[in-house]
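Residue numbers (the working numbering), protein chains in the order written: chain D, 15 to 313; chain H, 21 to 446.
Don't be surprised by glycine CBs; every beta carbon is placed ideally from N, CA and C.
Just so it is clear, the structure is predicted and the values come from calculations on it, not from any experiment.
Worksheet: the structure to be examined is printed underneath.
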């Protein structure tokens, strides 16, 4: 009994060990780069979060002091509240709008191809340029329009209103993020076979019913992907905020990434490494939770 | 399998060798036999000028080749973290550099001949950015003096003389406003919060509070900074901030909240406002649109005593040589060259700065003439917005106040930030 089993195991092991060497060539360069550029610096950063290092010169261990200071820092707390609120709002806007656009652009309408091109253009423009262009629109064009039409709300810049600046950020970020999400939804919708709709038609389902009961469940995997990718991207929001408000007015739109980078340049290295460590843990937890909640329903 | 592995190892070794050769070649410098030193300089407006200085120096001798590195402040900071700082730098002297000073990563320049010629009035200002005991870590190279920029024609048209007291200032502003002229041009847009910090916030506080004493006390108080410390932002800055808000609430353009730094320069050039709270760097921008516009400067009066008038200065450039550089002697030779009167005076004349040496021939540009008496008399201060640690977003706080946040609460926040910073750095 035992002999054949052992032989089989060995055969399996040997087969397993015989990996096509080409695959290693696919993996190794990325592995080296990833280790050198992300894993090692990440570990070094976590290590320094327990010190008083400012990035140069001598440092000593100060235990959890940075973490204690972090949790009592209203500025840090505010940046977390802002970033999460912003990310959730943006994910919702982006997914709702791009899903609707995708449904429209996969239906039998004229000018489908040129329209798709138009909607995808924002994707190829870099964030900081988009931010500068929109800054001009918000600060000059929109107030000008508001004045000409006598609309009072529009006549002052949204960006200089601490209660509304985040709305402008959501709009601009969504404008840039929608094309990517849109493409994924179009791919998803095109993969839905046409015969299910025919069957639904015969059964007398209305178009809205078809959308909710057939299309949405069938592309739910794509919704999950878009939600996870979107949330991850928007939690790291930086360039568009930098160009539009630079965290202002006041400190109302300072994202977590901006706080971390600001501390790095400002000689607050260890403290912001502690912040980054906490942020890293929170992001991991969210991703795992999202994956778990949606397990079985994805593709 | 072992064969493949050995081959993989060999290839890896080859790759590493090539990389190592590449790195060491980059480290050795030029092949011409000249010693190469890397000179960090990132003041954008002055790069063409400094390019010429470097080219002249490189031609004047055949031992050292100076290579200018204009990649910017953040890159220079990062190079310290990586242990690969420039050999010499002329850089804005601020809180960011202070950490290199305080942790003694810069060499002692006390025995250079340039150090003997530095105006002693400036030493306490340089020391505000930290000291490494027993060392002269940085030498000032260019001092920028900033105050209110005003349109001489508009002042003359309305028979306004340069205000010397707070009530003079209000009277002048009222007169302009009544005549339909915007007294001050505000540029409070989100991304340009620095204009509020360096102008409104600094001039107001600097005109009323002794900055040197204030920051010394704050450093002593450390974690105790707050409502009960000897001095604090909420106690000492409230009065100046209220006066600042009196100006920004009543005497600026209606759309100030969405105007940027560039908008402000254009508006001044077009005569759309009488005054702008900016530094001399704005002159060249304004001159792009209005090359012949007559502009002057005066310190913002915040009290009723003309004796309190002071100008805001900053060490726009200071020279330093990092410990970790590899060519100390060559760097010091180049430093002495930079401090030769004809080089340093020409540089400061070109940038409308003041030369920090005792034997300087100061420039006599009429646009900065209004500040010269105060500079010469040592009546100057460094702005609080640059003396606060960079991790405290003081520009944003100043902006919040101008756009309507409660000054008392905002100043208390700055105090709390200060105390928290002291706590974790204690």
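Cβ pair count under 8 Å reaching 3, the stretch 70-90 of chain D against the stretch 169-187 of chain D: no
Residue from 80/H, 104/H, 59/H and 119/H whose Cα sits closest to the Cα of residue 279/D: What you label residue 279/D is simply residue 265 of the first chain in a count that begins at 1. When each option's Cα is compared against that of residue 279/D, the closest is 119/H.
Beta-ladder partner(s) of residue 164/H, from DSSP: Indexing the second chain from 1 puts residue 164/H at position 144. Paired residues: 334/H.
Three-state secondary structure assigned by DSSP to residue 253/D: Taking the first chain and counting its residues from 1, one reaches residue 253/D at position 239. In this structure, residue 253/D counts as helix in the three-state DSSP scheme.
Residue 53/D burial status per 10 Å Cβ neighbour count (16 or more: buried): Taking the first residue of the first chain as position 1, residue 53/D is located at position 39. Flag for residue 53/D reads exposed.
Straight-line gap, residue 176/H to residue 285/H (C-alpha atoms, nearest Å): To locate residue 176/H, count along the second chain from 1; it is residue 156. To locate residue 285/H, count along the second chain from 1; it is residue 265. If you take the alpha carbons of residue 176/H and residue 285/H, they lie about 20 Å apart.
Reduced DSSP category for residue 385/H - H, G, I as helix; E, B as strand; rest coil: The count along the second chain starts at 1 and reaches residue 385/H at position 365. Correct three-state label for residue 385/H: coil.
Environment of residue 164/H [buried if 16+ CB atoms lie within 10 Å]: Mapped onto the second chain, residue 164/H falls at position 144. That one is buried.
Local conformation of residue 203/H per DSSP, three classes: Start at 1 with the first residue of the second chain, and residue 203/H comes out as number 183. Residue 203/H: strand per DSSP, three-state reduction.
Ordered list of alpha helix (DSSP H) runs contained in the stretch 93-163 of chain D, each at least 4 residues: 126-134, 141-150 and 156-163
Burial state of residue 200/H, where buried means 16 or more other Cβ atoms lie within 10 Å: What you label residue 200/H is simply residue 180 of the second chain in a count that begins at 1. Per the 10 Å Cβ criterion, exposed.
Separation of residue 219/H from residue 417/H, as counted between CA atoms: For the purposes of this step, residue 417/H is taken as the residue at position 397 of the second chain. For the purposes of this step, residue 219/H is taken as the residue at position 199 of the second chain. So the two alpha carbons sit approximately 14 Å from each other.
Identity of the residues DSSP links to residue 316/H by a beta bridge: The sequence position of residue 316/H within the second chain is 296, counting from 1. DSSP lists 170/H as partners of residue 316/H.
Proximity below 8 Å, CB of residue 194/H to CB of residue 156/H: Residue numbering aside, residue 194/H sits at position 174 when the second chain is read from its first letter. Residue numbering aside, residue 156/H sits at position 136 when the second chain is read from its first letter. Cβ atoms of residue 194/H and residue 156/H: not closer than 8 Å.
Proximity to residue 77/H [Cα-Cα], best of 59/H, 92/H, 64/H and 66/H: By one-based count along the second chain, residue 77/H stands at place 57. Selected option, being the one with the closest Cα: 59/H.
Per-residue contacts from residue 70/D into chain H (C-beta, under 8 Å): Sequence index remark: in the first chain, residue 70/D carries index 56 (1-based). Going along chain H in sequence order, the residues near residue 70/D (Cβ under 8 Å) are 100, 101, 119, 120, 123 and 125.
Three or more C-beta pairs below 8 Å linking the stretch 407-415 of chain H and the stretch 347-354 of chain H: no
Supposed contact pair residue 260/D and residue 213/H - C-beta distance, whole angstroms, cut 8 Å: Your numbering for residue 213/H matches position 193 in the second chain. Your numbering for residue 260/D matches position 246 in the first chain. With a Cβ gap of about 7 Å, residue 213/H and residue 260/D count as contacting.
For residue 274/H, three-class secondary structure by DSSP: Position 254 of the second chain holds residue 274/H. Of the three classes helix, strand and coil, the one that applies to residue 274/H here is coil, per DSSP.
Identity of the residues DSSP links to residue 340/H by a beta bridge: Position 320 of the second chain, counting from 1, holds the residue named residue 340/H. 109/H, per the DSSP bridge assignment.
Cβ-based neighbour list, residue 251/H, same chain, cut-off 6 Å, excluding 5 preceding and 5 following: Taking the second chain and counting its residues from 1, the one referred to as residue 251/H is at position 231. Correct list, in chain order: 234 and 237.
Selection from 113/D, 246/D and 89/D that minimises the alpha carbon distance to residue 133/D: Counting from 1 along the first chain, the entry for residue 133/D is found at position 119. For residue 133/D, the nearest C-alpha among the options comes from 113/D.
Distance, residue 403/H Cα to residue 148/H Cα: Against the second chain, residue 148/H aligns to sequence position 128. Against the second chain, residue 403/H aligns to sequence position 383. The alpha-carbon atoms of residue 148/H and residue 403/H are separated by roughly 11 Å.
For residue 168/D, three-class secondary structure by DSSP: Against the first chain, residue 168/D aligns to sequence position 154. Reduced to three states, the DSSP call for residue 168/D is helix.
Contacting residues, own chain, Cβ-Cβ under 6 Å from residue 264/H (five flanking each side not counted): For the purposes of this step, residue 264/H is taken as residue 244 along the second chain, with counting starting at 1. Cβ neighbours of residue 264/H beyond the five flanking positions: 220 and 224.
Neighbour list for residue 282/D in chain H, Cβ cutoff strictly below 7 Å: The residue given as residue 282/D occupies position 268 in the first chain. The contacting residues are 411.
Presumed contact (8 Å Cβ cut-off) between residue 364/H and residue 358/H, rounded CB distance: As a working mapping, residue 364/H is identified with position 344 in the second chain. As a working mapping, residue 358/H is identified with position 338 in the second chain. Confirmed, Cβ separation roughly 7 Å.
Neighbouring residues, chain H, relative to residue 173/D (Cβ below 9 Å): What you label residue 173/D is simply residue 159 of the first chain in a count that begins at 1. Those are 209, 210, 211, 277 and 278, listed as they occur along chain H.
Endpoints, alpha helix (DSSP H) assigned at residue 15/H: Lying outside 21 to 446, the shown extent of chain H, residue 15/H is not represented and no answer is given.
Within-8 Å CB hit, residue 8/D to chain H: Outside the displayed range of chain D (15 to 313) lies residue 8/D, so it cannot be described from this structure.
Alpha helix (DSSP H) runs contained entirely in the stretch 164-227 of chain D, provided each spans 4 or more residues: 166-169, 179-205, 208-217 and 221-224
Straight-line gap, residue 144/H to residue 222/H (C-alpha atoms, nearest Å): Locating residue 144/H in the second chain gives position 124, where the first residue counts as 1. Locating residue 222/H in the second chain gives position 202, where the first residue counts as 1. So the alpha carbons of these two residues sit roughly 18 Å apart.
Proximity of residue 161/H and residue 110/H at Cβ, strictly below 8 Å: For the purposes of this step, residue 161/H is identified with residue 141 of the second chain, where counting begins at 1. For the purposes of this step, residue 110/H is identified with residue 90 of the second chain, where counting begins at 1. Yes, these two residues count as a Cβ contact at 8 Å.
Reduced DSSP secondary structure (H/G/I, E/B, other) of residue 85/H: The residue you call residue 85/H lines up with position 65 of the second chain. Strand.
Any chain D beta carbon closer than 8 Å to residue 97/H: As a position in the second chain, residue 97/H is number 77, starting the count at 1. Answer yes: the Cβ-Cβ gap between residue 97/H and chain D drops below 8 Å somewhere.
As assigned by DSSP and simplified to three states, the class of residue 16/D: Numbered from its first residue, the first chain carries residue 16/D at position 2. Residue confidence for residue 16/D is low, a pLDDT of 44 falling below 50, so the modelled location carries little weight; the figure read from the coordinates is stated next. Looking at residue 16/D - three-state DSSP - the assignment turns out to be helix.
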